[in-house]
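Participant:
In the numbering used here, the protein residues as written are 33 to 520.
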């Protein structure tokens, strides 16, 4: 029986194409398998970092018991929470190998030799793997504050990966059969075209293996190779998205830990500032009391002591009062009695109250106010501007001026409080609203300043939906601009 050369050539091309597809299938599947293994290891390592960060965060928040007691107490809660973070089943073991918590109900402590051996290996601060059917058990050290506190076990599902690999194998088999059939019809031209397409698929698979994700499907065809290209592109996109999501989750957890540390440092600094500021007037009072005990018959000393003790007591009382107000504003969300309020009339009332004090200091208090209404708590409004005017008077110079100007700009009422006083140095501008910060401590102590007024003012302004800023001033003096939404 004779076979035409065309048939022989077609058979040869068909066999050659089948061989090429088989070889390509092998490399692609190996590449995909290695890539999945690499990505799974990277993903599990990332999950372990996430688990360690969350456990440390939970450990450092609140009372810090011994690590083993902490795990036994909160292990189940943390395991359930971490399962939600990672999307994997999580089991926590303490340093003795005892199960401290798991995200799966009814999961017993591993008793088979393989799992026990892996757990023992992980307790030596090493990473252990164990494959169980369609699951991979990944055991890694759980780090404590000073040393390893236990082991975290993650159950990584292999079913989808195995099914995906089987799908790829089936797809390659189907592709090979289709190529063999078409090779009898199209001959040499189709072989060349298919070879080019297969080469592009191979490059795409190699790119994924090198974690160089492809931006688009490597082929646009309406056959099995096209479907394979779509599958590879979809796989590349999913892997890239998964890694990006894990990186973002890691970043958020790291940010949360950083914020907690910053809050702890801020709390320590705040307590230190309070202790320091309270100690100064108390030291002065105690010094005069000691002098009176030694020289109780000196009338001049008695007079000086009375004046100084009264002054320091008033300063201490004002400081305690402002600390309580500031703490209440920061800790509690009190319901303010906001109402429709005429800002110009309120400023006139405040200037009338403060004019006497300004005259005693030899200052001129001026007001230019454009009629405008704002929505604000009246008491807070009075407190804000009395504090600002009082500061402008205290830190002014004899014969100086304190000016208030209110105007409407783009549906906002802007009120500027300026003075011709000593001004605020540029290096102090960023800290001027911090509690207990004063530009000149000696002058603040002499004038009765506590360093809390501007911090309290900013909190009150922000509670009312406004903003406050320190303006740049040419020459001497300082100016604060407050902005509130205007209402009709």
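Built from N, CA and C at the ideal position, the CB exists for glycine as well.
(1) For the alpha helix (DSSP H) that residue 489 lies in, which residues bound it at each end?
(2) Could you check what DSSP says for residue 510 in three-state terms: helix, strand or coil?
(3) Report the residue from 344, 335, 341 and 68 whose alpha carbon sits nearest the alpha carbon of residue 268.
(4) Could you give the DSSP three-state label for residue 388: helix, strand or coil?
(5) Would you mind giving the Cβ-Cβ distance between residue 401 and residue 438, rounded to the nearest angstrom? I have them listed as a contact below 8 Å.
(6) On the criterion of 16 or more Cβ atoms from any shown chain inside 10 Å, does residue 446 qualify as buried, or is it exposed?
(7) Which of the three DSSP states is assigned to residue 271 in this structure?
(8) Since residue 118 is in the beta strand (DSSP E), which residue starts that stretch and which ends it?
(9) What are the boundary residues of the alpha helix (DSSP H) that includes residue 424?
(10) Grab the span of the beta strand (DSSP E) containing residue 438 for me, first residue to last.
(11) Beta carbon of residue 129, beta carbon of residue 111: below 8 Å?
(12) Just to confirm the assignment, what range does the beta strand (DSSP E) spanning residue 133 have?
(13) List the endpoints of the continuous beta strand (DSSP E) containing residue 501.
(14) Between the alpha carbons of residue 87 and residue 183, how many angstroms are there, rounded?
(15) As a quick exercise: from 157, 202, 488 and 122, pick the residue whose alpha carbon is nearest that of residue 464.
(16) Buried or exposed: residue 326, going by 16 or more other Cβ atoms within 10 Å of its Cβ?
(17) To the nearest angstrom, how far is the alpha carbon of residue 365 from that of residue 411?
(18) Would you kindly check if the distance between the Cβ of residue 75 and the Cβ of residue 274 is under 8 Å?
(19) Given residue 174, which residues of its chain have a CB within under 6 Å of its CB, disregarding the five upstream and five downstream residues?
(20) Using 8 Å as the threshold, is the stretch 149 to 166 in touch with the stretch 104 to 121, meaning 3 or more CB pairs across them?
(21) Evaluate residue 261 with the Cβ neighbour count: other Cβ atoms within 10 Å of its Cβ, from every protein chain shown; 16 or more gives buried, anything less gives exposed.
(22) Out of 375, 421 and 318, which one is the CA nearest neighbour of residue 388?
(23) Based on the DSSP secondary-structure assignment, which residues constitute the bridge partners of residue 91?
(24) Round the Cβ separation of residue 55 and residue 204 to the nearest angstrom and send it over; I've been treating them as touching at under 8 Å.
(25) Quick one: residues in its chain with C-beta nearer than 7 Å to the C-beta of residue 61, no 5 flanking neighbours on either side, listed in chain order?
(26) Could you give the distance in angstroms between the alpha-carbon of residue 434 and the alpha-carbon of residue 395?
(27) Buried or exposed for residue 497, please, with buried defined as at least 16 other CB atoms from any protein chain shown within 10 angstroms of its CB.
(28) How far does the beta strand (DSSP E) with residue 373 in it reach, from first residue to last?
(29) Do residue 116 and residue 241 have their CB atoms nearer than 8 Å?
(30) Measuring only the C-alpha atoms, how far is residue 375 from residue 314?
(31) Can you tell me the Cα-Cα spacing of residue 84 and residue 282, whole angstroms?
(32) Run the CB neighbour count on residue 321, radius 10 Å, all protein chains shown included, and call it buried at 16 or more, exposed below.
(33) Sorted by chain position, which residues of the same chain lie with C-beta nearer than 8 Å to residue 478's C-beta, five sequence neighbours on each side aside?
(34) Who pairs with residue 446 in a beta bridge, going by DSSP?
(35) With DSSP as the reference, label residue 29 as helix, strand or coil.
(36) With DSSP as the reference, label residue 429 as helix, strand or coil.
Facilitator: Put simply:
(1) Reading the chain shown from its first residue, position 457 is the one you call residue 489. Here the alpha helix (DSSP H) through residue 489 covers 485 to 495.
(2) To locate residue 510, count along the chain shown from 1; it is residue 478. Coil at residue 510, not helix or strand.
(3) Within the chain shown, residue 268 is the residue found at index 236, counting from 1. Measuring C-alpha to C-alpha distances from residue 268 to each of 344, 335, 341 and 68 identifies 68 as the nearest.
(4) Along the chain shown, one-based indexing puts residue 388 at 356. Residue state, collapsed to three classes: helix.
(5) As a working mapping, residue 401 is identified with position 369 in the chain shown. As a working mapping, residue 438 is identified with position 406 in the chain shown. Right, the Cβ-Cβ distance comes to about 4 Å (below 8 Å), so this counts as a contact.
(6) The residue labelled residue 446 in the question sits at position 414 within the chain shown. The residue is buried, with at least 16 neighbouring Cβ atoms inside 10 Å.
(7) Locating residue 271 in the chain shown gives position 239, counting from the first residue. In the structure shown, residue 271 falls within a helical segment according to DSSP collapsed to helix, strand and coil.
(8) For this step, residue 118 is matched to residue 86 along the chain shown. Per DSSP, residue 118 belongs to no beta strand (DSSP E); it is in the alpha helix (DSSP H), 99 to 118.
(9) Counting from 1 along the chain shown, the entry for residue 424 is found at position 392. From DSSP, the alpha helix (DSSP H) with residue 424 extends over 410 to 426.
(10) Locating residue 438 in the chain shown gives position 406, counting from the first residue. Following the DSSP letters along the chain, one finds residue 438 inside the beta strand (DSSP E) bounded by residues 433 to 441.
(11) Here residue 129 refers to the residue found at position 97 of the chain shown. Here residue 111 refers to the residue found at position 79 of the chain shown. No, the Cβ-Cβ distance between residue 129 and residue 111 is not below 8 Å.
(12) Along the chain shown, read from residue 1 onward, the residue named residue 133 stands at position 101. 131 to 134 is the extent of the beta strand (DSSP E) around residue 133.
(13) On the chain shown, residue 501 is found 469 positions in, with the first residue counted as 1. First-last of the beta strand (DSSP E) with residue 501: 499 to 502.
(14) Walking along the chain shown from the start, residue 87 turns up at place 55. Walking along the chain shown from the start, residue 183 turns up at place 151. The straight-line gap separating the alpha-carbon atoms of residue 87 and residue 183 is approximately 12 Å.
(15) As a working mapping, residue 464 is identified with position 432 in the chain shown. If you compare the alpha carbons of 157, 202, 488 and 122 with that of residue 464, the shortest gap goes to 488.
(16) The residue given as residue 326 occupies position 294 in the chain shown. Exposed, by the Cβ-count rule.
(17) Indexing the chain shown from 1 puts residue 365 at position 333. Indexing the chain shown from 1 puts residue 411 at position 379. Caution applies to residue 365, whose pLDDT of 48 falls short of 50 and renders its modelled position unreliable; the model cannot decide the point.
(18) Within the chain shown, the letter at position 242 stands for residue 274. Within the chain shown, the letter at position 43 stands for residue 75. Contact flag set, yes.
(19) Residue mapping note: residue 174 aligns to position 142 of the chain shown, counting from 1. For residue 174, where only same-chain residues beyond five positions count, the Cβ hits under 6 Å are 181, 182, 183 and 184.
(20) No: fewer than three Cβ pairs fall under 8 Å.
(21) Taking the first residue of the chain shown as 1, we reach residue 261 at position 229. By the 10 Å Cβ count, residue 261 comes out buried.
(22) Indexing the chain shown from 1 puts residue 388 at position 356. The candidate whose alpha carbon is nearest that of residue 388 is 421.
(23) In the chain shown, counting from the first residue as 1, residue 91 sits at position 59. Paired residues: none, contrary to the question.
(24) Within the chain shown, residue 55 is the residue found at index 23, counting from 1. Within the chain shown, residue 204 is the residue found at index 172, counting from 1. The pair is not a contact, with the Cβ atoms about 10 Å apart (cut-off 8 Å).
(25) Position 29 of the chain shown, counting from 1, holds the residue named residue 61. Closer than 7 Å at the Cβ level, and outside the excluded window around residue 61, lie 197, 200 and 201.
(26) By one-based count along the chain shown, residue 434 stands at place 402. By one-based count along the chain shown, residue 395 stands at place 363. Within the model, the alpha-carbon separation for residue 434 versus residue 395 is close to 7 Å.
(27) If you number the chain shown from 1, residue 497 lands on position 465. Exposed, by the Cβ-count rule.
(28) Walking along the chain shown from the start, residue 373 turns up at place 341. If you look at residue 373, you'll find it in the beta strand (DSSP E) that goes 370 to 374.
(29) Numbered from its first residue, the chain shown carries residue 116 at position 84. Numbered from its first residue, the chain shown carries residue 241 at position 209. Cβ distance not < 8 Å, so residue 116 and residue 241 don't count as in contact.
(30) Indexing the chain shown from 1 puts residue 375 at position 343. Indexing the chain shown from 1 puts residue 314 at position 282. When rounded, the distance between both Cα atoms is 40 Å.
(31) Here the question's residue 84 lines up with position 52 in the chain shown. Here the question's residue 282 lines up with position 250 in the chain shown. If you draw a straight line from the Cα of residue 84 to the Cα of residue 282, it comes to about 11 Å.
(32) Translated into positions along the chain shown, residue 321 becomes position 289. Within a 10 Å sphere around the beta-carbon of residue 321 sit fewer than 16 other beta-carbons, which makes this residue exposed.
(33) Working through the chain shown from its first residue, we reach residue 478 at position 446. For residue 478, the predicted model reports a pLDDT of 48, less than 50, meaning its position is unreliable; a value from the coordinates is still stated below. There are no such residues.
(34) Here residue 446 refers to the residue found at position 414 when the chain shown is read from its first residue. Within the DSSP secondary-structure output, residue 446 pairs in a beta bridge with 439 and 515.
(35) Lying before the first or after the last residue shown, residue 29 is absent from the chain, which here runs from 33 to 520.
(36) The residue given as residue 429 occupies position 397 in the chain shown. Correct three-state label for residue 429: coil.
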